[in-house]
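Chains as they are written, first to last, in full-length UniProt numbering: chain U, 1 to 345; chain E, 1 to 345.
Okay, so here's the structure we're looking at.
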DNA sequence: TGAGAGAATGTACGCGTGTACATTTTACAT
DNA sequence: ATGTAAAATGTACACGCGTACATTCTCTCA
């Protein structure tokens, strides 16, 4: 391993000068700089990142915490892939690296480990839920001064860095779309209320239905757990009440597709016998049959902004905006159009 | 920040003793150990991971390199999610962390950066392709002594750590299945030959067809790029030759589903008018309509074994097996059954 | 020509840990 | 009681870098 010392000797300067060249510090005679860089090149010198971290007392790593359930896929892989890419892009721009931490859900919620071991300067936390345990864990993190940013989850009453999408508006628009297509009996298949965006979607749904003068009908509200299977199972319940249901808004694409499949088995075809709109606009929405209308959520951008925000606080730079909410967009496909099939057949 | 020194003072021992307690080294009087742990607890001491890395000259990080194409999804998110989880599980068992590195394809293939900066002790490399540039990059890595393991890609003629699935056998079994269902005109939609498993699948396909006494018919072989779109486009070509095609083996699920969609638009329904089998057994296979037969690939286990193998070489432990090939399994669903729909309708 | 003021570079130390080696304590056989 | 080996603990330094401060060089203006 080549060190600063050897470069200094070859370039006939002090170690400090070598350091200054590599950090672009202080005034510097061009000739000296040249000599140092040449020597470094000859020797193949590259600063040791760990020693740098040690001396700077900063790891240069951004922790990314994701829930991890072996063999279980509650969240779509798409969701994480997009967010990870967004974080990755931002991180790279700022010269940081990403340290991935898979957190088993019942794992003692020990966000602290990363912090104490000083392996990360800040964290982006994905897939958090609003439970007592998580609230206290996060509050503790905040007290200890580890900067973090939550993605796609808000905690009412607490003041965290949060980057979210406007799920209320997205859901409102989605239900509006169903209303515009002429549907009136609109069911809602939600996910667990532990996620703030489940609640947001409920609000958007209620806002649109109320606005349309429809009564709140709890028998039209169902709860799954964001898995395809739970959507498939909800199909059974919905089938029971099929004369009360013309259209369904599902809180994510996976449940929506489970729903499609469950109802298809009973002879009900989406886009012909009923309408469905999902949420996330994941790959699966384009893969499903019929293609699934969905609410596009800017996951990539959310990851990017979360990384930017939390790294800004590390740099001691002016506080970033505390809560960010990015716009969503309704993507209409066949599953929610009325009369599409009827015309054809 | 609490350091070893303060713990030592409180426990009335030397710093070295504290260090030994936390590393479980040397003989140690139980009472002393107790005192130290108590003091550490009182002060809230936790060893500084960066200082440890610095002193040990090991980062404790396993690099995970993945190709990164913004907004493009050539690889299924599923594929990476599974492998990442597998790596994550193994890494956690060994007390390592995962450092994610997104590598843009045209990015100067600079695997070396991670190595030189000493931020990782070893790497798992995903999504590598067999090109001249990559070969030389990897050879260079090998010379420089950075241990790495490739997943799902082999380099003929070179001797790297590689964890792969048995795509030859998997493809053979898949085509056998189609043959067993009575199909004779079997087309093959492959991906880029830059991936070793594309070649493997071709071999499996050829082996099965030859064995069945069928001639090699190049007009039955198509090439996509593993994207859904390329499958969709291939549908047009296959439709041209529709009287020559009864069944199609696609090299991944995404292309298979694109194919389903393209042919459905022309009135050809999988499982009724023709058979399709994909590869990966991703989420999408279960989501598609009809459900897609596919070759299950143990991505999770591959990630896990790759991490284990490459970390073994770091520990200086006995060399792990150089090339690992895990078994695949054919999953039959509706898309490849003959007569399923015919019976019903 | 000398003084003063930057510019350019050097000196020296700390960061928190691992660990080789030195020293002290303990246990036990004689 | 004494010697000896092993156990237990302490001392001291290296790891590679950032950086505060000290020093030397260079230029300008009087």
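No residue lacks a Cβ here, since even glycine has one placed at the ideal position from N, Cα and C.
Note that the structure is a prediction, hence the values are computed from the model and not measured.
Quick one: grab the DSSP three-state call for residue i.
{"i": "residue 270/E", "result": "strand"}
{"i": "residue 295/E", "result": "strand"}
{"i": "residue 30/E", "result": "helix"}
{"i": "residue 324/U", "result": "strand"}
{"i": "residue 194/U", "result": "coil"}
{"i": "residue 104/E", "result": "coil"}
{"i": "residue 74/E", "result": "Confidence is the limiting factor: at residue 74/E the pLDDT is only 48, short of 50, which leaves the residue's position unreliable, though a coordinate-based value still follows. Residue state, collapsed to three classes: coil."}
{"i": "residue 263/E", "result": "helix"}
{"i": "residue 65/U", "result": "strand"}
{"i": "residue 173/E", "result": "helix"}
{"i": "residue 337/E", "result": "coil"}
{"i": "residue 94/E", "result": "coil"}
{"i": "residue 245/U", "result": "coil"}
{"i": "residue 84/U", "result": "helix"}
{"i": "residue 332/E", "result": "coil"}
{"i": "residue 275/E", "result": "strand"}
{"i": "residue 283/E", "result": "helix"}
{"i": "residue 251/E", "result": "coil"}
So with CB distances below 7 Å, who are the chain U contacts of residue i?
{"i": "residue 68/E", "result": "85, 88"}
{"i": "residue 80/E", "result": "81"}
Since residue i meets chain E, which of its residues come closer than 9 Å, beta carbon to beta carbon?
{"i": "residue 228/U", "result": "283, 286, 287"}
Using 8 Å as the threshold, is the C-beta distance between residue i and residue j below it?
{"i": "residue 205/U", "j": "residue 275/U", "result": "no"}
{"i": "residue 310/U", "j": "residue 155/U", "result": "no"}
{"i": "residue 232/E", "j": "residue 261/E", "result": "yes"}
{"i": "residue 153/U", "j": "residue 122/U", "result": "no"}
{"i": "residue 99/U", "j": "residue 66/U", "result": "no"}
{"i": "residue 139/E", "j": "residue 150/E", "result": "no"}
{"i": "residue 288/E", "j": "residue 269/E", "result": "no"}
{"i": "residue 171/U", "j": "residue 200/U", "result": "yes"}
{"i": "residue 189/E", "j": "residue 251/E", "result": "yes"}
{"i": "residue 68/E", "j": "residue 88/U", "result": "yes"}
{"i": "residue 299/U", "j": "residue 86/U", "result": "yes"}
{"i": "residue 330/E", "j": "residue 77/E", "result": "no"}
{"i": "residue 336/E", "j": "residue 293/E", "result": "yes"}
{"i": "residue 141/E", "j": "residue 83/E", "result": "no"}
{"i": "residue 54/U", "j": "residue 54/E", "result": "yes"}
Flag residue i as yes if its beta-carbon sits less than 8 Å from any beta-carbon of chain U, otherwise no.
{"i": "residue 74/E", "result": "In this prediction, residue 74/E scores a pLDDT of 48, lower than 50, which makes its location untrustworthy; the coordinate-derived value is nonetheless stated afterwards. No, no contact with chain U."}
{"i": "residue 266/E", "result": "no"}
{"i": "residue 92/E", "result": "yes"}
{"i": "residue 3/E", "result": "no"}
Under 8 Å between beta-carbons, which chain E residues line up against residue i? List them in chain order, please.
{"i": "residue 97/U", "result": "99, 100, 101, 119"}
Taking 8 Å as the CB-CB limit, is residue i close to chain E?
{"i": "residue 59/U", "result": "yes"}
{"i": "residue 269/U", "result": "no"}
{"i": "residue 322/U", "result": "no"}
{"i": "residue 299/U", "result": "no"}
{"i": "residue 22/U", "result": "no"}
{"i": "residue 53/U", "result": "yes"}
{"i": "residue 257/U", "result": "yes"}
{"i": "residue 77/U", "result": "yes"}
{"i": "residue 156/U", "result": "no"}
**Asked** Mind pulling the beta strand (DSSP E) runs of 3 or more residues that sit fully within the region 108–165 of chain E?
**Response** 122–126, 148–151, 161–165
**Request:** Would you list, in sequence order, the uninterrupted alpha helix (DSSP H) runs of no fewer than 4 residues that lie entirely inside the UniProt domain "HTH lacI-type" (2–56) of chain E?
**Result:** 4–11, 15–23, 30–43, 49–56
**Request:** Please specify which runs of the beta strand (DSSP E), each continuous and at least 3 residues long, are wholly inside the region 178–243 of chain E, giving them in chain order.
**Result:** 186–190, 221–223
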